[in-house]
Each structure stands twice: as C-alpha cells, then as structure tokens.
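In terms of my numbering, the sequence shown is residues 115 to 450. All remarks here apply to the structure that follows.
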Amino acid sequence: LVFLDGGYMAKTYLAQDLIYDFDKELGFFKDFPKSNYQPGALETGVYEGVQVCVPAIYEVYGISLNKKMFKEAGLVDANGEPLPMKTWDDFYNFAEKLTKKDAGGVVTQVGASVQFGNNLTGIIGGAIVAQKGHITKPDGYTYDFDFPEFVHMVDLWQKGVQNGYISASTFVDNAGGRNGFKAGQIAMVYEAAGRWMEAIDSIGLENLSLAPIPGGKGTFAFGCQMAIPKASKNADLAMQFIKEGVYSEYVQVNTFTKFGKMSVIREHFNKALDETPMWKKLSESMENGVRIPQWQDQAKWLTGLNVIFQEGLVDPKTSARDIVDKMTALSDSLKK
115 LVFLDGGYMA
125 KTYLAQDLIY
135 DFDKELGFFK
145 DFPKSNYQPG
155 ALETGVYEGV
165 QVCVPAIYEV
175 YGISLNKKMF
185 KEAGLVDANG
195 EPLPMKTWDD
205 FYNFAEKLTK
215 KDAGGVVTQV
225 GASVQFGNNL
235 TGIIGGAIVA
245 QKGHITKPDG
255 YTYDFDFPEF
265 VHMVDLWQKG
275 VQNGYISAST
285 FVDNAGGRNG
295 FKAGQIAMVY
305 EAAGRWMEAI
315 DSIGLENLSL
325 APIPGGKGTF
335 AFGCQMAIPK
345 ASKNADLAMQ
355 FIKEGVYSEY
365 VQVNTFTKFG
375 KMSVIREHFN
385 KALDETPMWK
395 KLSESMENGV
405 RIPQWQDQAK
415 WLTGLNVIFQ
425 EGLVDPKTSA
435 RDIVDKMTAL
445 SDSLKK
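This is the structure in structure tokens:
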C-alpha cells in the first residue's frame, strides 16, 4: 500500500500500468459502497477516468479569521460573529479595515494573506469553483478563469498587495501566512481551512472563526491518496487495512477534530462535525469540494503562475486583465 501526498504521482504510475484500478480490477466497492464517501472525496482519486487511488483524508480551502481583530475593526454582527464575506469586494474592504499602520505608514497588522507560492494553483482553483461551481472547462483540464468576476478579484488582490492590506509573503515563504496568523499578526488567511485549528493554542478558540471562499459555490479539495501497486503481494490485505483501519471511526474522526484533516467517510465526517461545530461554517461549500486538474506540465504551470503573479501584483503598470491574459497564454502553451 502506498500513500501519495495529493495523488499527483498517480497519473504517472497509471500510465506505466503500475497500480490497480480499485473499481474494475480490485472490486473494492463491492462491499464498501461509494455512497459511504463524502461528496467529491472519491473523485480526488480518479485519473483518466480510472479509480487508481482512494482518499485517506482530505482538506478544503477556506478563510480562517481572527475574530478578536474583527471585533476591534467593527466587522461583527449583533452576536459578535464576523460579518459574511460574500464577494471579493467584501474580502478587500475587510482587509483594508483590518490593516493597522503606525504613524510612519509601516504596517503593524496585516489585514489578510493569500497563499501564493507553492499553493497558487489551489488558490486559483478554489476562487474559480467558489464563484462558478466548477474549476475547469468541459475538457476537464483547462482552468475556466477568464470571466469578469475573476479578473475583478485579481484586481483587488493587486490593490491589496500594493496598499499593504494583503500580504505577499507566501511567494517566498509558503508558511508565511499561517505563521503570521498564529502569531496574531494577520487577521485572516485564505489557504487550507484548518489553519484556525493550528492557532487555537496561541490565539484561543474564542478568538477564531472560519468563512467560505467568496462566492460559496464550492471549494478546492485535496488530500492524501492511497494506491495499491500491482507488485503488491497481498492486495486483499491492503484493501482490508484501508476499510478496517484507515476508514475506522477512530482514525477518521480524530484526524478531523484534532488536526483539521477531514474524514472522507460521510458517517464519520458528520460525527466529527458535531464535535467541532466550527467546520459547519463551510458545510455548504464542502458539499462541492473539487480537485484541481493535474497536467503533464504541472510544474511549469505552477512556476509560471508564480512568476506572473509575483511580478504583476506589485507592478502598477500591469493590469488585472494583463495578468489573466498571461495566464491564458501560459495555459495554452502547456501540455495537459
């Protein structure tokens, strides 16, 4: 049994006929129905139409919030809960109000962080699905990002970075946002939704909250996948371990309630949700958790996107339309 971080290598193994099809070759679902899984979870292990992996856990993207900072900025309702961010305009306006600067104009509290860098493809995918309900065009591979709301979002990100409301530290330090959030220096972070759990010890549960990606029609989902190599001497035992061990209530509930790594099994997911009600704030978007496509030129896509955004967000001469046009040109040049 092989555990794959994100499962992106499964496509390569599939092409070389090195791993089993859980459905047609192993018959995994004959006594373990697909309906046992959370919506979207099982699909994260499908490549080229083949169920070459099954998920162990998965994560989704959202926005972790420092509720204490929201209260100080007057961005809470009558019950003291953060106001909803239905649009990226809300996100930008909140980031502006949450940012603090000293007399010299130096930022002392950052309004927001977006996880650019290593997770930019997921950030983009999450933004698309939250607004459109899907990530790709009908071909299943090409990102469907060229629409007015997305261009407007990029424009707001650009203004936020240039005005100091949105941190761009994640371009050089992938953990910059989460560490700043845990240290009480950043008011909200758009990345893996479990960041609020990481901050409980330093900030306190009473000062934390969670919000869906603006749009609310879905979220980017990813996670640890399991594959069974055809070289395995006992595939039946591996399947039994998955069903009785990895998918046990103990494993699935505890990874969710203690570490924010979500259960892929519906029954255990619902139990964990009852024990950790904060996650219910993402319940609607989690019903449409969608993975990003995996390209042959995936590394070039991620690297190219970071160049486009790292240069474009800080350059006042580059428009959001320019950035999206460069994304299109890059996408068209790469192997899917």
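Beta carbons are placed, not taken as given, at the ideal position from N, Cα and C, and that holds for glycine. It should be emphasised that the depicted structure is a prediction, and the values quoted were computed from it without experimental measurement.
8 Å CB neighbourhood of residue i in its chain, flanking five on each side removed
i    : result
L234 : L416, L419, N420, F423
D131 : K344
A349 : Y134, L140, I342
E398 : P326, G330
Cβ neighbour criterion (16 or more within 10 Å) applied to residue i
i    : result
N180 : buried
G189 : For clarity, residue 189 is Leu in the given sequence; the question names Gly instead. Buried, because 16 or more other Cβ atoms sit within 10 Å of the Cβ of L189.
V286 : exposed
A187 : buried
Y364 : exposed
R435 : exposed
A352 : buried
K62  : One cannot answer for residue 62 here, as it falls past the ends of the chain, which runs 115 to 450.
N426 : Just to set this straight, residue 426 is Gly in the shown sequence, not Asn. G426 should be labelled buried.
G219 : exposed
S149 : exposed
6 Å Cβ shell around residue i - same chain, five flanking residues per side excluded
i    : result
G290 : S283, T284
K385 : V367
K69  : Because the chain here runs from 115 to 450, residue 69 falls outside it and cannot be looked at.
A297 : none
K414 : L448
K251 : D258
N288 : G231, N232
Reference residue i; option with closest CA among the options
i    : options                : result
S323 : I314, P153, V221, Q130 : I314
I242 : D411, K148, F264       : F264
E312 : K414, F370, V365       : F370
F373 : R309, F230, Q410       : R309
Q412 : K450, M441, L387, D436 : K450
D135 : I342, N150, G194, N193 : I342
M183 : G274, F208, A192, V166 : F208
G141 : K273, H248, V166       : V166
M91  : S362, D446, A325       : In the structure displayed, the chain extends from 115 to 450; residue 91 sits before or after that span and is not available.
I237 : P407, L444, N348, E389 : P407
E320 : I300, M123, P196       : P196
I317 : K331, I300, G330       : I300
Other residues of its chain near residue i: CB distance less than 7 Å, five sequence neighbours each side excluded
i    : result
Q276 : V428, P430
P328 : M199, K200, T201, W202, D204, F205, A244
K185 : G194
D465 : Nothing can be reported for residue 465: it is not among the residues displayed for the chain, which extend from 115 to 450.
F117 : A170, C338, M340
V164 : L128, D135
D260 : V438, T442
The ligand ADP heavy atom lying under 7 Å from the CB of residue i
i    : result
K125 : What this structure holds is no ligand at all, so the ligand ADP is not there to describe.
(request) Please determine if the region 167-179 and the region 327-339 are in contact, where contact requires at least 3 C-beta pairs separated by less than 8 Å. (result) yes
(message) Can you confirm whether the region 371-386 touches the region 209-225 when touching is taken to mean that 3 or more C-beta pairs between the two stretches lie within less than 8 Å?
(response) no
(request) Determine, using beta-carbon pairs with one atom in the region 123-141 and one in the region 292-305, whether at least three such pairs fall under 8 Å. (result) no
(message) So within the region 323-369, which uninterrupted alpha helix (DSSP H) runs reach at least 4 residues, ignoring any that extend past its ends?
(response) 349-355
(request) Scan the region 129-193 and note each continuous beta strand (DSSP E) run of 3 residues or more that stays entirely inside, going in chain order. (result) 173-180
(request) Take every Cβ of the region 397-409, pair it with every Cβ of the region 150-162, and state whether three or more of those distances are shorter than 8 Å. (result) yes
(message) Taking contact to mean 3 or more Cβ pairs, one atom from each stretch, closer than 8 Å, check whether the region 136-155 and the region 347-364 are in contact.
(response) yes
(request) May I have a chain-ordered list of the beta strand (DSSP E) segments no shorter than 3 residues that lie completely inside the region 201-233? (result) 221-228
(request) May I have a chain-ordered list of the alpha helix (DSSP H) segments no shorter than 4 residues that lie completely inside the region 391-438? (result) 397-400, 412-426
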